[in-house]
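The listed protein sequences correspond, in order, to chains H and W. Numbering follows this note's numbering, with no gaps: position 259 of the first sequence is 398. Numbering follows this note's numbering, with no gaps: position 28 of the second sequence is 350. No residue lacks a Cβ here, since even glycine has one placed at the ideal position from N, Cα and C. Read through the structure below, which is laid out as structure tokens, and then see the notes.
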Amino acid sequence: MKAAAFDYVKPKALSDALSLLKQGGDDARLIAGGQTLLATLNMRLSEPSVLIDITDVEELKGISVIGDQLRIGALVTHTEIEDSDLVAKHAPLLKAAAPHIAHRAIRNLGTWGGSLAYGDPAAEWPACSLALQATMVIHGPAGERKVSAKDFFIDLYTTALESDEILVATEIPLAPSNQVFYFHELARRHGDYAVAGLAAVAQKDGNILNNCAFTFFSVSSTPVMAIAAQDLINGKTLNSELIAKAVNAVRDEIDAIADITNSAEAKKHLIGVLLERGLRHLVA
Amino acid sequence: MSLKKKISMTVNGNLVNAEVEPRRHLVDFLREDLHLKGPHLGCEQGACGACTVKVDGQIIRGCLYLAVQADGCVVETVEGLTKSGVLADLQESFMRHNAMQCGFCSSGMLLAAAELIEKQPKANREEVREWISGNYCRCTGYHSIVDAIVDVLDARAKGQKIKPVSAHA
Ligand SMILES: Cc1cc2nc3c(=O)[nH]c(=O)nc-3n(C[C@H](O)[C@H](O)[C@H](O)COP(=O)(O)OP(=O)(O)OC[C@H]3O[C@@H](n4cnc5c(N)ncnc54)[C@H](O)[C@@H]3O)c2cc1C
Ligand code: FES
Ligand code: FES
Numbered sequence: 140m141k142a143a144a145f146d147y148v149k150p151k152a153l154s155d156a157l158s159l160l161k162q163g164g165d166d167a168r169l170i171a172g173g174q175t176l177l178a179t180l181n182m183r184l185s186e187p188s189v190l191i192d193i194t195d196v197e198e199l200k201g202i203s204v205i206g207d208q209l210r211i212g213a214l215v216t217h218t219e220i221e222d223s224d225l226v227a228k229h230a231p232l233l234k235a236a237a238p239h240i241a242h243r244a245i246r247n248l249g250t251w252g253g254s255l256a257y258g259d260p261a262a263e264w265p266a267c268s269l270a271l272q273a274t275m276v277i278h279g280p281a282g283e284r285k286v287s288a289k290d291f292f293i294d295l296y297t298t299a300l301e302s303d304e305i306l307v308a309t310e311i312p313l314a315p316s317n318q319v320f321y322f323h324e325l326a327r328r329h330g331d332y333a334v335a336g337l338a339a340v341a342q343k344d345g346n347i348l349n350n351c352a353f354t355f356f357s358v359s360s361t362p363v364m365a366i367a368a369q370d371l372i373n374g375k376t377l378n379s380e381l382i383a384k385a386v387n388a389v390r391d392e393i394d395a396i397a398d399i400t401n402s403a404e405a406k407k408h409l410i411g412v413l414l415e416r417g418l419r420h421l422v423a
Numbered sequence: 323m324s325l326k327k328k329i330s331m332t333v334n335g336n337l338v339n340a341e342v343e344p345r346r347h348l349v350d351f352l353r354e355d356l357h358l359k360g361p362h363l364g365c366e367q368g369a370c371g372a373c374t375v376k377v378d379g380q381i382i383r384g385c386l387y388l389a390v391q392a393d394g395c396v397v398e399t400v401e402g403l404t405k406s407g408v409l410a411d412l413q414e415s416f417m418r419h420n421a422m423q424c425g426f427c428s429s430g431m432l433l434a435a436a437e438l439i440e441k442q443p444k445a446n447r448e449e450v451r452e453w454i455s456g457n458y459c460r461c462t463g464y465h466s467i468v469d470a471i472v473d474v475l476d477a478r479a480k481g482q483k484i485k486p487v488s489a490h491a
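What follows is the structure, encoded as structure tokens:
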């Protein structure tokens, strides 16, 4: 199908993008990689009257280390994350997750910021940003504000972003040297959205894990943290008995919802399977 | 609304100036306005990969990219890459393995495979399968396509070329 007609503008400065967005109101839409937006326009699920292409805005680009944070600009593509040495060193979870996002031709254009702003509960980046305790840097008419990932994902495709705001970058604490991580998703075909997935990090000391952050995606209306399971695992020697307790805890705690092909029960089962595999991997 | 925009880009080595509606995606522009029929359209929603073209050196979905976005860019299609010889050994290998039954998906497959060979020259069979899973072929079980790509990877690793088969030597 073909998209309905729209106008197209390509500002060079963040301030211009912000005023165009304000001016355009509900009829304007930002376009970054376009890998979600253009599919919805082609299907006429959305008919904005103007697209604001932000890909020339320098403030939104680049990966850098600033102090004790890894800063990833909103326009950084999935491929850039996949290929970045800085990411591999300071946020290795992201490097492990990247190849699971769609296929290379889509990763070449799709962006970190677009994925977070869209807030798809089945997407990899929202779950990873939650596990890594990322902070979202947002610009709007009133200037800059920061929102933690924990407070950013509010509901299905709903984030803390207001309609006149732009996600500029994300700040992620640099991985400590004893950080271990696990990323796995169960999908019908490589590159498809997961039926259920787990993004996990912890600090490892022998058989003991601390500061555990286990986030599940594709199981609920937002990515979710397994808080009860984390509390069980933190600071204790990991053995089969503790793993079994954590698996029960996570199945009790997370309120899985069905999708078109998978029941809530199936997802609940898979959450436990993923956690068990993840815990064994983290202490291996 | 017919707010046409002026754009210019390099397509297969030639400078192209045009006026397009912003909603025209890149493959419609290449096919309808420039009469390049190499890139195909299957789903127009990013799922099948038939529309794969190169923009500024990397493969993209031509159905999820607007012609106006390509203003100032270098665009390459299977036609241009065939002429320059970049795809020659892959094309030869696809022929040898009968890896292009109806050919609808082949141009996208070739471009995707070329990027794999460039980015991951040591890819194993499993990685070839994963990579190529982004391109639908409706005719087959991918086996011969994967065989063809693996042969090129092997040949390149040994510094060899895939030689033409005798039938059309
Ligand atoms: C076939 C296919 C398979 C896919 N599979 C996966 C997958 O497995 N996992 C996955 O995570 N994704 C998948 N995607 C989506 C893809 O990763 C997208 O690139 C990504 O979700 C959106 O990023 P984008 O830059 O393309 O955003 P766009 O499509 O440009 O924008 C998406 C939305 O975010 C808004 N937006 C964009 N940037 C900003 C910003 N900086 N500030 C505020 N709002 C902004 C836009 O206005 C729009 O509403 C798939 C896409 C396709 C076509
Ligand atoms: S036509 Fe572009 S992916 Fe199918
Ligand atoms: S050869 Fe026919 S679709 Fe692939």
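>> What does the alpha-carbon distance come out to for the pair residue 364 of chain W and residue 211 of chain H?
In response: Counting from 1 along the second sequence, the entry for residue 364 of chain W is found at position 42. Counting from 1 along the first sequence, the entry for residue 211 of chain H is found at position 72. About 34 Å.
>> Per the DSSP calculation, residue 283 of chain H is bridged to which residue(s)?
In response: Along the first sequence, one-based indexing puts residue 283 of chain H at 144. In the DSSP output, where bridge partners are listed per residue, residue 283 of chain H has H:278.
> Mapping DSSP to helix, strand and coil, what is residue 451 of chain W?
Replying inline: Counting from one through the second sequence, the residue named residue 451 of chain W turns up at place 129. Correct three-state label for residue 451 of chain W: helix.
>> Per the DSSP calculation, residue 330 of chain W is bridged to which residue(s)?
In response: Within the second sequence, numbered from 1, the residue matching residue 330 of chain W stands at position 8. Residue 330 of chain W is bridged to W:339.
> Is any beta-carbon of chain H found at less than 8 Å from that of residue 364 of chain W?
Replying inline: The sequence position of residue 364 of chain W within the second sequence is 42, counting from 1. No, no contact with chain H.
>> Excluding the 5 residues flanking residue 279 of chain H on each side, which residues of the same chain have their C-beta closer than 8 Å to its C-beta?
In response: Along the first sequence, read from residue 1 onward, the residue named residue 279 of chain H stands at position 140. Once the five neighbours on either side are set aside, the close Cβ partners of residue 279 of chain H are 157, 301, 303, 304 and 305.
>> Alpha carbons only, please: which of W:398, W:341 and W:380 is nearest the one belonging to residue 390 of chain W?
In response: Within the second sequence, residue 390 of chain W is the residue found at index 68, counting from 1. Ranking the options by Cα distance to residue 390 of chain W, first place goes to W:341.
> What are the uninterrupted segments assigned as alpha helix (DSSP H) that are 4 or more residues long and contained completely in the segment 358-421 of chain H, given in chain order?
Replying inline: 366-372 and 379-392
>> Can you confirm whether residue 242 of chain H, when its beta carbon is compared against all beta carbons of chain W, has any partner nearer than 8 Å?
In response: Taking the first residue of the first sequence as position 1, residue 242 of chain H is located at position 103. Closer than 8 Å: yes.
> If you measure from the beta carbon of residue 146 of chain H to each beta carbon in chain W, is any gap under 8 Å?
Replying inline: On the first sequence, residue 146 of chain H is found 7 positions in, with the first residue counted as 1. Output row for residue 146 of chain H: interface = yes.
> Are the Cβ atoms of residue 360 of chain H and residue 294 of chain H separated by less than 8 Å?
Replying inline: Here residue 360 of chain H refers to the residue found at position 221 of the first sequence. Here residue 294 of chain H refers to the residue found at position 155 of the first sequence. Against a cut-off of 8 Å, the Cβ pair of residue 294 of chain H and residue 360 of chain H comes out as a contact.
>> Excluding the 5 residues flanking residue 145 of chain H on each side, which residues of the same chain have their C-beta closer than 8 Å to its C-beta?
In response: By 1-based counting over the first sequence, the position of residue 145 of chain H is 6. Excluding residues within five positions, the ones whose Cβ falls inside 8 Å are 180, 186, 187, 188, 189 and 190.
> What's the C-alpha gap between residue 481 of chain W and residue 244 of chain H?
Replying inline: Mapped onto the second sequence, residue 481 of chain W falls at position 159. Mapped onto the first sequence, residue 244 of chain H falls at position 105. Each residue's Cα considered, the two are about 27 Å apart.
> DSSP state of residue 357 of chain W, grouped into three classes?
Replying inline: Numbered from 1 along the second sequence, position 35 holds the residue referred to as residue 357 of chain W. Coil, per DSSP.
> If you compare alpha carbons, which of H:213, H:176, H:338 and H:298 is closest to residue 387 of chain W?
Replying inline: The count along the second sequence starts at 1 and reaches residue 387 of chain W at position 65. If we check each option's Cα against that of residue 387 of chain W, H:176 comes out closest.
> Can you list the residues of chain H that residue 328 of chain W reaches, using a CB-CB cut of under 7 Å?
Replying inline: Taking the second sequence and counting its residues from 1, the one referred to as residue 328 of chain W is at position 6. Chain H residues near residue 328 of chain W: none, gap ~12 Å exceeds 7 Å.
> By the criterion of Cβ-Cβ separation under 7 Å, what are the contact partners of residue 178 of chain H in chain W?
Replying inline: For this step, residue 178 of chain H is matched to residue 39 along the first sequence. Chain W residues near residue 178 of chain H: 367, 368 and 386.
> Taking 8 Å as the CB-CB limit, is residue 223 of chain H close to chain W?
Replying inline: What you label residue 223 of chain H is simply residue 84 of the first sequence in a count that begins at 1. Cβ-Cβ to chain W under 8 Å: no for residue 223 of chain H.
>> Is the beta carbon of residue 410 of chain H closer than 8 Å to that of residue 389 of chain H?
In response: Reading the first sequence from its first residue, position 250 is the one you call residue 389 of chain H. Reading the first sequence from its first residue, position 271 is the one you call residue 410 of chain H. In contact: residue 389 of chain H and residue 410 of chain H (Cβ atoms closer than 8 Å).
>> Does the structure place the segment 337-355 of chain W close enough to the segment 393-412 of chain H that three or more beta carbon pairs sit under 8 Å?
In response: no
> How many angstroms separate the CA atom of residue 415 of chain W from the CA atom of residue 334 of chain H?
Replying inline: Translated into positions along the second sequence, residue 415 of chain W becomes position 93. Translated into positions along the first sequence, residue 334 of chain H becomes position 195. Approximately 36 Å, taken between the alpha carbons.
> Should residue 417 of chain W be listed as close to ligand 3, given that the test is whether its C-beta is under 7 Å from any heavy atom?
Replying inline: Within the second sequence, the letter at position 95 stands for residue 417 of chain W. No, the Cβ of residue 417 of chain W stays beyond 7 Å of every heavy atom of ligand 3.
> Any beta-carbon of chain W closer than 8 Å to the one on residue 201 of chain H?
Replying inline: Numbered from 1 along the first sequence, position 62 holds the residue referred to as residue 201 of chain H. Residue 201 of chain H does not count as touching chain W.
> Relative to the C-alpha of residue 335 of chain W, which residue among W:361, W:382, W:401 and W:373 is closest?
Replying inline: Looking up residue 335 of chain W in the second sequence gives position 13. Ranking W:361, W:382, W:401 and W:373 by Cα distance to residue 335 of chain W puts W:401 first.
>> Contact defined as beta carbons within less than 8 Å: I believe residue 466 of chain W pairs with residue 421 of chain W. What is the distance between those atoms, to the nearest angstrom?
In response: Locating residue 466 of chain W in the second sequence gives position 144, counting from the first residue. Locating residue 421 of chain W in the second sequence gives position 99, counting from the first residue. Right, their Cβ atoms sit about 4 Å apart.
> Using a Cβ-Cβ cut-off of 7 Å (strictly less than) and excluding sequence neighbours within five positions of residue 143 of chain H, which residues of its own chain qualify?
Replying inline: Numbered from 1 along the first sequence, position 4 holds the residue referred to as residue 143 of chain H. Excluding residues within five positions, the ones whose Cβ falls inside 7 Å are 183 and 186.
>> Taking 7 Å as the cut-off, is the beta-carbon of residue 363 of chain W closer than that to any non-hydrogen atom of ligand 2?
In response: Residue mapping note: residue 363 of chain W aligns to position 41 of the second sequence, counting from 1. Residue 363 of chain W: yes, Cβ under 7 Å from ligand 2.
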